[in-house]
Each structure stands twice: as C-alpha cells, then as structure tokens.
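A.B. asks: My numbering puts the first residue of the sequence shown at 164, with every later residue one more than the last.
The beta carbon of each residue, even a glycine, is placed where N, CA and C say it ideally should be.
Predicted model, so just to flag it, every value in this text is computed and none were measured.
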Amino acid sequence: MQQNQKKPRIVIVGAGFGGVKLAKLFAKENVDVLLVDRHNFQLFQPLLYQVSTAVLSTDEIAYPVRAFFRKSRNVEFFMAKAEGVDQARKVLLTNHGEIAYDYLILAAGATTNYFGMQEVEAHSYGMKTLQEALHIRNHVLHMFERANKETDPEVRRRMLTFVVVGGGPTGIEESGALTELFGIQQKEFHNLDFSEVSVKLIEATANVLPMVAPNLREHAVKVLRKKGVDVMLNTQVVGYDGNDLKLKDGTTIPTQTVIWAAGVKAVPFIKDCGGEVDRGGRIIVNEKLQVEGSDCVFAIGDCAHYQHGTERPLPTVAPVAMQQAQTAHDNIMKLIQGQQDLATFHYKDLGAMATIGRGEAVVDKTKINPQMTGFIAWCAWMFVHLLRLAGAHANFTVAIKWTWNLFSGTRLGRIITNIKD
Numbered sequence: 164m165q166q167n168q169k170k171p172r173i174v175i176v177g178a179g180f181g182g183v184k185l186a187k188l189f190a191k192e193n194v195d196v197l198l199v200d201r202h203n204f205q206l207f208q209p210l211l212y213q214v215s216t217a218v219l220s221t222d223e224i225a226y227p228v229r230a231f232f233r234k235s236r237n238v239e240f241f242m243a244k245a246e247g248v249d250q251a252r253k254v255l256l257t258n259h260g261e262i263a264y265d266y267l268i269l270a271a272g273a274t275t276n277y278f279g280m281q282e283v284e285a286h287s288y289g290m291k292t293l294q295e296a297l298h299i300r301n302h303v304l305h306m307f308e309r310a311n312k313e314t315d316p317e318v319r320r321r322m323l324t325f326v327v328v329g330g331g332p333t334g335i336e337e338s339g340a341l342t343e344l345f346g347i348q349q350k351e352f353h354n355l356d357f358s359e360v361s362v363k364l365i366e367a368t369a370n371v372l373p374m375v376a377p378n379l380r381e382h383a384v385k386v387l388r389k390k391g392v393d394v395m396l397n398t399q400v401v402g403y404d405g406n407d408l409k410l411k412d413g414t415t416i417p418t419q420t421v422i423w424a425a426g427v428k429a430v431p432f433i434k435d436c437g438g439e440v441d442r443g444g445r446i447i448v449n450e451k452l453q454v455e456g457s458d459c460v461f462a463i464g465d466c467a468h469y470q471h472g473t474e475r476p477l478p479t480v481a482p483v484a485m486q487q488a489q490t491a492h493d494n495i496m497k498l499i500q501g502q503q504d505l506a507t508f509h510y511k512d513l514g515a516m517a518t519i520g521r522g523e524a525v526v527d528k529t530k531i532n533p534q535m536t537g538f539i540a541w542c543a544w545m546f547v548h549l550l551r552l553a554g555a556h557a558n559f560t561v562a563i564k565w566t567w568n569l570f571s572g573t574r575l576g577r578i579i580t581n582i583k584d
C-alpha cells in the first residue's frame, strides 16, 4: 500500500494585503499553509489616519486573521514575532521557536523610517500601527483638554500647534483630517481661542504627493491651505526634543505634537533573512521574486526591493504586494510540480489617489478617468477603499460613517482611552 506523501509546507510571514492574499491562494492547493504574524489581525493601514482623527474605530480597520480561513482546513495561524531566517536549515526563527518550511514568503511589511534621527523617533508619533494611531488620537484630545486649563499663552500655543512631517498620502490625509477634527472641537471648547490652533505640514522636497501629476499636487496644496494648513515645502527636520521642532535652516517650531509620516523602511528582522538588503532595509529579490541564496525563499510587498526594468524600486503600496502575491504563488506551485520556467513579475500600475478631507481627493492615472479632483475623486477613493476592507461589517459601518460625516462632520470617536494626570 502506497503511503500518502507529505504535503509541501508553505510559511508566510506577515498578514498584510500580500500575505493574506497568498494564504487565500494557497488555501485552494494541496499544500499546508502557516501564516505567521505578531498580531492576530490584518490591519488596513491606509485608514489609520481616520482612527487617529476620531472618524473610525479600531474594529473597522482591523480584521481577525483566523476569520479569513475558518473554512480553510489547510491554513493555520501562528502568532509570533519573526526574528530571522536560517536558509541552510530551512527554518524561520521566531520569538516562539523555530518553524520549518519547504517554501517561505516574506511579506512582513514596513515600519516608520526616522532616517537615523533618534531624538525625533523618541518624541514624535509614527503612524504605522493601530497602537500608534490610538496614541495620536489620545494625545491630540489631551492637548485640547490641557490647553483649556492652561493660563500661560506660550505653553498653550505650543500645546495647540500640530505638525505633520511628510507630504505623501499619509501626511496629506492626516493634516486635512486634523483641521476637520478641530472644527468640531471649536464648537465645544467655549473658552479656547482657536486662532491659537495651527496645523503645519512639512515636506523636505519641493512637492507633495510625488506619485501624481504636478497639477494634482498643486490642487492638494491649495485645498490644504484653504482648510488652514500651513504647508511648508523645501523644509527639512533635523531634530525634535518633545517641545521644539528643529529645522535645517536653524528655525524652530514650538510644539508638543509631531506626527511623523515622512518615510518607511522594512521591518528590522528582514536584514537577518540571508539576502542582500538596500538602504531602506528592503530585501533585494530577482525577477521571479526570489531572495538571493535560495530558490525557495521569496519576498513581496513593502519588505521587498524589486527593481527590474523600472527606474526606481516599486513603491510600498498595496497593489504591488497583491500582484506580487499572485506571481509568488504561481512560481511556488511550479517549483512544487517540478517546473523551472518561473514567471517574471510585471507590475501593472493601477493609478494613485489621496483624500484631502471630506468630499475632497485627487485621483491620477486610473482606468476610469485619467485625472479627477473634488467630490467625484473622493467618491472614487471611498469606493476603492471600501472594496479593500475586510468583512461585511466594516463595509457597512464605514460607509455609513463616511456618509454621515460628509453631511454632518460628526466624529463620535473623540474618546480618550488613556488617563494622564
């Protein structure tokens, strides 16, 4: 009697867009899948800014990983922090032990890049995790409560000055959303002088939103300034001690709130996975998405450096990760079947978009329309993001909240969940 052959074991590190899509694809194959992540949920990072500004709640942008695979008996979840890869022994190293693999895919995402400025890292707020978004929300609301009791005008203005660093989509969206949040605050803080409240957006280069056309960049800046955001271009941050933000030209901005959205880098353990990494810590992959040194280790998404036939490495956006997931799946299945003619990855740019606030967005290079601004662009942005949310509950509640917020501006999430003396 012939014994059943052991199924190939596919280990995926990271439960983001790319990792979950990979697991869903492999769930249909005759393989065993182990999905590893330090969190038990998939986080919809593009909407973190809405948690930080009291539009949405945590359960609306996070979805339990195990819920994706309740009907997939060959998919298991392992909650652990990845720490490296031993390619020679074919094991993933984690804080909860070693995990053997036949094929490994690194889809671990990225973290905030402070460009070596430890002082800035220690005192500013990143926005890559759910905890960081909640910290921002709590801190911002605390600043208003404290300023309402503060008698020293200099200290009060420092509390009411909010600086966002980085002119990419996250920085644009955060600064626009803050001004709208403060519009609600103004109706309820009767004794505060809101002329002392300011929101500043700092960008080191001459342009915001580098992925869209120049006219759309100008439109975004115009809308932000109309909302009251002080947009500071060609301005570089060199330090921040928690009270004063230091700029390269020698000036300082008194503030107790700096939200850092100026860059990303690969999560630290990627450098210990046996392959070469770039300056941002992203592991370099070949045209088949394989990591140097092994034909059974692949990398996709934000932690992978893919630059084949492109002027720059592919951007750290969800469409890249999801398209790479399909190619990685196809190539691994070919290897399992003994084929060597692996597919080369080709990225199809689906366009770029960013929202600037209620009823305002910019959309560039999509199939629907080459360029859109204003309310139509905001509807397109809303539709695309609703499609990517996990779970019918999130789709329904987020759509209702966005619609209600559009007409009323209500933000019931202004709840302080940490107590400070």
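Secondary structure at Q165, three-state DSSP: helix, strand or coil?
C.D. replies: Position 2 of the sequence shown, counting from 1, holds the residue named residue 165. With a pLDDT of 41 at Q165, under the threshold of 50, the predicted position of this residue should be treated as unreliable, though the coordinate-derived value follows. Three-state DSSP puts Q165 in coil, outside helix and strand.
A.B. asks: Quick check: the Cα distance between L344 and T314, rounded to an integer number of angstroms?
C.D. replies: Within the sequence shown, residue 344 is the residue found at index 181, counting from 1. Within the sequence shown, residue 314 is the residue found at index 151, counting from 1. L344 and T314: Cα-Cα distance of roughly 23 Å.
A.B. asks: Would A190 and V248 be called neighbours here (beta carbons separated by less than 8 Å)?
C.D. replies: Looking up residue 190 in the sequence shown gives position 27. Looking up residue 248 in the sequence shown gives position 85. No.
A.B. asks: Taking the alpha carbon of K389 as the point to measure from, which residue in E317, G339, K564 has its own alpha carbon closest?
C.D. replies: Start at 1 with the first residue of the sequence shown, and residue 389 comes out as number 226. Closest option to K389, Cα to Cα, is G339.
A.B. asks: Which of the three DSSP states is assigned to L355 in this structure?
C.D. replies: Position 192 of the sequence shown, counting from 1, holds the residue named residue 355. L355: coil per DSSP, three-state reduction.
A.B. asks: What does the alpha-carbon distance come out to for the pair K564 and G260?
C.D. replies: For the purposes of this step, residue 564 is identified with residue 401 of the sequence shown, where counting begins at 1. For the purposes of this step, residue 260 is identified with residue 97 of the sequence shown, where counting begins at 1. Roughly 42 Å between the two C-alpha positions.
A.B. asks: From which residue to which residue does the alpha helix (DSSP H) around Q213 run?
C.D. replies: Within the sequence shown, numbered from 1, the residue matching residue 213 stands at position 50. That run of the alpha helix (DSSP H) goes 211–215.
A.B. asks: Kindly list the residues whose CB is nearer than 6 Å to the CB of P417, restricted to its own chain and excluding five residues on each side of it in sequence; keep chain order.
C.D. replies: Looking up residue 417 in the sequence shown gives position 254. Excluding residues within five positions, the ones whose Cβ falls inside 6 Å are R321, D407.
A.B. asks: Can you name the residues that DSSP bridges to V460?
C.D. replies: Position 297 of the sequence shown, counted from the first residue, corresponds to residue 460. Answer by DSSP bridge pairing, in chain order: L267.
A.B. asks: Determine the DSSP secondary structure at G520, reduced to helix, strand or coil.
C.D. replies: Position 357 of the sequence shown, counted from the first residue, corresponds to residue 520. Looking at G520 - three-state DSSP - the assignment turns out to be strand.
A.B. asks: Ends of the alpha helix (DSSP H) at G537?
C.D. replies: Within the sequence shown, numbered from 1, the residue matching residue 537 stands at position 374. Here the alpha helix (DSSP H) through G537 covers 537–551.
A.B. asks: From which residue to which residue does the beta strand (DSSP E) around G247 run?
C.D. replies: By one-based count along the sequence shown, residue 247 stands at place 84. First-last of the beta strand (DSSP E) with G247: 245–249.
A.B. asks: On a Cα-Cα basis, can you pick out the residue from A270, P373, G522, L477 that is closest to K592?
C.D. replies: Residue 592 lies beyond the stretch modelled for the chain, which goes from 164 to 584, so this question has no answer here.
A.B. asks: According to the neighbour-count rule (16 or more other Cβ atoms, all chains shown, within 10 Å of its Cβ), is S650 buried or exposed?
C.D. replies: The displayed coordinates of the chain run from 164 to 584. Any statement about residue 650 would go beyond what the structure contains.
A.B. asks: What three-state label does DSSP hand P171 in the structure shown?
C.D. replies: As a position in the sequence shown, residue 171 is number 8, starting the count at 1. In this structure, P171 counts as coil in the three-state DSSP scheme.
A.B. asks: Looking only at C-alpha atoms, which of L505, C436, V525 sits nearest to G514?
C.D. replies: Within the sequence shown, residue 514 is the residue found at index 351, counting from 1. Comparing Cα-Cα distances from G514 to each of L505, C436, V525, the minimum goes to V525.
A.B. asks: Jot down the residue ranges of each uninterrupted beta strand (DSSP E) in the region 315–380, minimum 3 residues, whole runs only, in chain order.
C.D. replies: The qualifying runs are 324–328, 361–365.
A.B. asks: Which value, in whole angstroms, describes the spacing of the CA atoms of I335 and G426?
C.D. replies: In the sequence shown, counting from the first residue as 1, residue 335 sits at position 172. In the sequence shown, counting from the first residue as 1, residue 426 sits at position 263. Between I335 and G426, the C-alpha separation is close to 13 Å.
A.B. asks: Are D200 and G177 close, meaning C-beta to C-beta below 8 Å?
C.D. replies: Indexing the sequence shown from 1 puts residue 200 at position 37. Indexing the sequence shown from 1 puts residue 177 at position 14. It is a contact, given that the beta carbons lie within the stated cut-off.
A.B. asks: Are N311 and L364 touching if we call contact CB-CB under 8 Å?
C.D. replies: Locating residue 311 in the sequence shown gives position 148, counting from the first residue. Locating residue 364 in the sequence shown gives position 201, counting from the first residue. Cβ distance not < 8 Å, so N311 and L364 don't count as in contact.
A.B. asks: Return the residue from the list I299, G444, E439 that minimises the CA-CA distance to V214.
C.D. replies: Position 51 of the sequence shown, counted from the first residue, corresponds to residue 214. Residue I299 is the option with its Cα nearest to V214.
A.B. asks: Look up A425 in the DSSP assignment and give the residues it is bridged to.
C.D. replies: Here residue 425 corresponds to residue number 262 of the sequence shown, with the count starting at 1. A425 is not bridged to any residue.
A.B. asks: In angstroms, rounded to a whole number, what distance separates the CA positions of R233 and D195?
C.D. replies: Walking along the sequence shown from the start, residue 233 turns up at place 70. Walking along the sequence shown from the start, residue 195 turns up at place 32. Going by the C-alpha atoms only, they are around 15 Å apart.
A.B. asks: Does the count of Cβ pairs from the region 431–444 and the region 285–294 closer than 8 Å reach three?
C.D. replies: The region 431–444 is not in contact with the region 285–294.
A.B. asks: Can you confirm whether the region 263–274 touches the region 465–475 when touching is taken to mean that 3 or more C-beta pairs between the two stretches lie within less than 8 Å?
C.D. replies: Taking 8 Å as the limit for Cβ pairs, the verdict is that the region 263–274 does touch the region 465–475.
A.B. asks: Would you tell me roughly how many angstroms separate the C-alpha atoms of V440 and K350, rounded to the nearest one?
C.D. replies: Start at 1 with the first residue of the sequence shown, and residue 440 comes out as number 277. Start at 1 with the first residue of the sequence shown, and residue 350 comes out as number 187. Whole-angstrom Cα-Cα distance: 50 Å.
A.B. asks: Tell me the DSSP bridge mates of L304?
C.D. replies: As a first step, residue 304 must be located in the sequence shown, where it is residue number 141. Answer is none; L304 lacks a bridge partner.
A.B. asks: Please classify W544 as buried or exposed, where buried requires at least 16 other C-beta atoms within 10 Å of its C-beta.
C.D. replies: On the sequence shown, residue 544 is found 381 positions in, with the first residue counted as 1. Classification for W544: buried.
A.B. asks: Among T479, V254, T415, which residue has its Cα nearest to the Cα of G444?
C.D. replies: For the purposes of this step, residue 444 is identified with residue 281 of the sequence shown, where counting begins at 1. Of the listed residues, the one whose Cα sits closest to G444 is T479.
A.B. asks: Which whole-angstrom value describes the C-beta separation of Y226 and A553, a residue pair presumed to lie in contact below a C-beta threshold of 8 Å?
C.D. replies: Within the sequence shown, residue 226 is the residue found at index 63, counting from 1. Within the sequence shown, residue 553 is the residue found at index 390, counting from 1. With 8 Å as the limit, Y226 and A553 qualify as a contact, their Cβ atoms being about 4 Å apart.
A.B. asks: Have a look at N581 and L323 and give me their C-alpha separation to the nearest angstrom.
C.D. replies: One-based indexing of the sequence shown puts residue 581 at position 418. One-based indexing of the sequence shown puts residue 323 at position 160. Computed Cα separation, rounded: 19 Å.
A.B. asks: Determine the direct distance from the alpha carbon of L210 to that of T221, and round the result to whole angstroms.
C.D. replies: For this step, residue 221 is matched to residue 58 along the sequence shown. For this step, residue 210 is matched to residue 47 along the sequence shown. Cα-Cα distance, rounded: 10 Å.
A.B. asks: Which of the three DSSP states is assigned to K409 in this structure?
C.D. replies: As a first step, residue 409 must be located in the sequence shown, where it is residue number 246. Correct three-state label for K409: strand.
A.B. asks: For P482, does the three-state DSSP call read helix, strand or coil?
C.D. replies: The residue labelled residue 482 in the question sits at position 319 within the sequence shown. It is helical.
A.B. asks: Can you tell me which of the three DSSP states Q470 falls into?
C.D. replies: Here residue 470 refers to the residue found at position 307 when the sequence shown is read from its first residue. Three-state result, Q470: coil.
A.B. asks: Between L185 and A488, which are expected to be in contact by the criterion C-beta below 8 Å, what is the C-beta distance as a whole number of angstroms?
C.D. replies: Residue numbering aside, residue 185 sits at position 22 when the sequence shown is read from its first letter. Residue numbering aside, residue 488 sits at position 325 when the sequence shown is read from its first letter. Sure, about 5 Å apart at Cβ, within 8 Å.
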